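Asker:
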Amino acid sequence: MDNYAAIDDMDFAPLPDTVERLPVLSLDEAHELLNLLRAVAQEAGPLSGRADRLFREISARVPSQE
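Next comes the structure, spelled out in structure tokens:
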């Protein structure tokens, strides 16, 4: 069983059949995700540590916005 087997059980935002999903995030989407991860990381909740780790890993790979 590979690591992607669980993706079949995930719910995605509904899109019309005519819209194709991009295989990667746009730069704006990536920065929006980073802002969300940073907000969760700053909370004292059970996911703050994981969000902080993901924020650091992803932000190292995403170019800054100019």
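Numbered as in our numbering, the sequence shown ends at 1082 without a single skipped number. For glycine and all other residues, C-beta sits at the position ideal for the given N, C-alpha and C. Model, not experiment: these values are computed from the prediction.
Where do the ends of the alpha helix (DSSP H) carrying Q1081 lie?
Answerer: The residue you call residue 1081 lines up with position 65 of the sequence shown. Looking at the DSSP string, Q1081 is not in any alpha helix (DSSP H), and its letter there is neither H nor E.
Asker: Ordered along the chain, which non-local residues of its own chain (more than five positions away) have a Cβ less than 8 Å from that of Q1058?
Answerer: Taking the sequence shown and counting its residues from 1, the one referred to as residue 1058 is at position 42. The answer, listed in chain order, is S1064.
Asker: DSSP three-state call for L1052: helix, strand or coil?
Answerer: Residue numbering aside, residue 1052 sits at position 36 when the sequence shown is read from its first letter. Helix.
Asker: I need the straight-line Cα distance from P1062 to V1056, nearest angstrom please.
Answerer: Indexing the sequence shown from 1 puts residue 1062 at position 46. Indexing the sequence shown from 1 puts residue 1056 at position 40. Going from the Cα of P1062 to the Cα of V1056 covers about 10 Å.
Asker: Express the C-alpha separation of A1060 and P1079 in angstroms, rounding to a whole number.
Answerer: By 1-based counting over the sequence shown, the position of residue 1079 is 63. By 1-based counting over the sequence shown, the position of residue 1060 is 44. So the two alpha carbons sit approximately 28 Å from each other.
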